[in-house]
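Novice:
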Amino acid sequence: MNGPAYATSDHTPVRAQVECPAAWRADVVAALSAAGVVVDHAAPVGVAVSPGRLVSPVVDDWSVASLPHLLLAVQPYAVEVGPWSLPGVGPCARCVAAAVLDAGVPATPGVLPRPLLALAVGAAARDLGAWARGEPPHSWLTSWRHDHDPVPTARRWERHPYCGCAWFETA
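Numbering (my numbering), first residue to last: 1443 to 1613.
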């Protein structure tokens, strides 16, 4: 590794766009700042923090604009970091939302668990730094669930067959 996990190879802080519910914005921005991530609406990468796997119009716009972004899903007692979404390459936020619906797990907006958010944002900062250095993020095609267990659990993601992001390749 060339430097701290939260920095680029020249130790420049990582910049990221942020999308999250307005009620969570102050906590999310503070956590990202503490992890060394500078919030910048013109950054070349995004971080989306959502209740469950809900997809906002901003995240849809990121996909259309081919902006790479990291998804963070907040559950009542867990925060899931990932997957990393590189539009046109791996699963998008809609693929993930569809897979969760297939499994019968509803999105449940609720209280933002701050201790778990801190863990998740630290992991997100590490992945943003890796991406900025040209390295693959740990959340590539994978999400990491931070909950009551001492070690996060991994889940692999694929494009959903009914999501429009893969239609050009499957047509």
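In this text, a Cβ means the ideal position worked out from N, Cα and C, and glycines have one as well.
In chain order, what residues of the same chain lie with their CB nearer than 7 angstroms to the CB of tryptophan 1504, ignoring the 5 residues before and after it?
Specialist: Numbered from its first residue, the sequence shown carries residue 1504 at position 62. Excluding positions up to five away in sequence, the list reads Gly1488, His1511.
Novice: Any chance the stretch 1473-1480 sits against the stretch 1559-1568, with 3 or more Cβ pairs inside 8 angstroms?
Specialist: As far as the Cβ criterion goes, the stretch 1473-1480 touches the stretch 1559-1568, which means the pair count is three or higher.
Novice: Quick one: residues in its chain with C-beta nearer than 7 angstroms to the C-beta of valine 1500, no 5 flanking neighbours on either side, listed in chain order?
Specialist: Here residue 1500 refers to the residue found at position 58 when the sequence shown is read from its first residue. The residues are Glu1461.
Novice: Tell me the rounded alpha-carbon separation between cysteine 1537 and glutamate 1600.
Specialist: As a position in the sequence shown, residue 1537 is number 95, starting the count at 1. As a position in the sequence shown, residue 1600 is number 158, starting the count at 1. If you take the alpha carbons of cysteine 1537 and glutamate 1600, they lie about 8 angstroms apart.
Novice: For a minimum of 4 consecutive residues, which ranges assigned as the alpha helix (DSSP H) are wholly contained in the stretch 1503-1560?
Specialist: List check, alpha helix (DSSP H) in window: 1535-1544.
Novice: Please state whether the Cβ-Cβ distance between alanine 1535 and alanine 1490 is less than 8 angstroms.
Specialist: Taking the sequence shown and counting its residues from 1, the one referred to as residue 1535 is at position 93. Taking the sequence shown and counting its residues from 1, the one referred to as residue 1490 is at position 48. Closer than 8 angstroms, so yes.
Novice: Given this structure, state the Cα-to-Cα distance separating valine 1480 from serine 1581, to the nearest angstrom.
Specialist: Position 38 of the sequence shown, counted from the start, is the residue given in the question as residue 1480. Position 139 of the sequence shown, counted from the start, is the residue given in the question as residue 1581. Their Cα atoms are separated by approximately 20 angstroms.
Novice: Going by the CB atoms, is the gap between proline 1463 and proline 1493 shorter than 8 angstroms?
Specialist: Locating residue 1493 in the sequence shown gives position 51, counting from the first residue. Locating residue 1463 in the sequence shown gives position 21, counting from the first residue. Contact flag set, yes.
Novice: How about alanine 1539 and histidine 1588: are their beta carbons less than 8 angstroms apart?
Specialist: Residue mapping note: residue 1539 aligns to position 97 of the sequence shown, counting from 1. Residue mapping note: residue 1588 aligns to position 146 of the sequence shown, counting from 1. Against a cut-off of 8 angstroms, the Cβ pair of histidine 1588 and alanine 1539 comes out as no contact.
Novice: Determine the direct distance from the alpha carbon of tryptophan 1573 to that of leucine 1528, and round the result to whole angstroms.
Specialist: For the purposes of this step, residue 1528 is taken as residue 86 along the sequence shown, with counting starting at 1. For the purposes of this step, residue 1573 is taken as residue 131 along the sequence shown, with counting starting at 1. About 11 angstroms.
Novice: Taking buried to mean at least 16 other C-beta atoms within 10 Å of its own C-beta, is serine 1585 buried or exposed?
Specialist: For the purposes of this step, residue 1585 is taken as the residue at position 143 of the sequence shown. Buried, because 16 or more other Cβ atoms sit within 10 Å of the Cβ of serine 1585.
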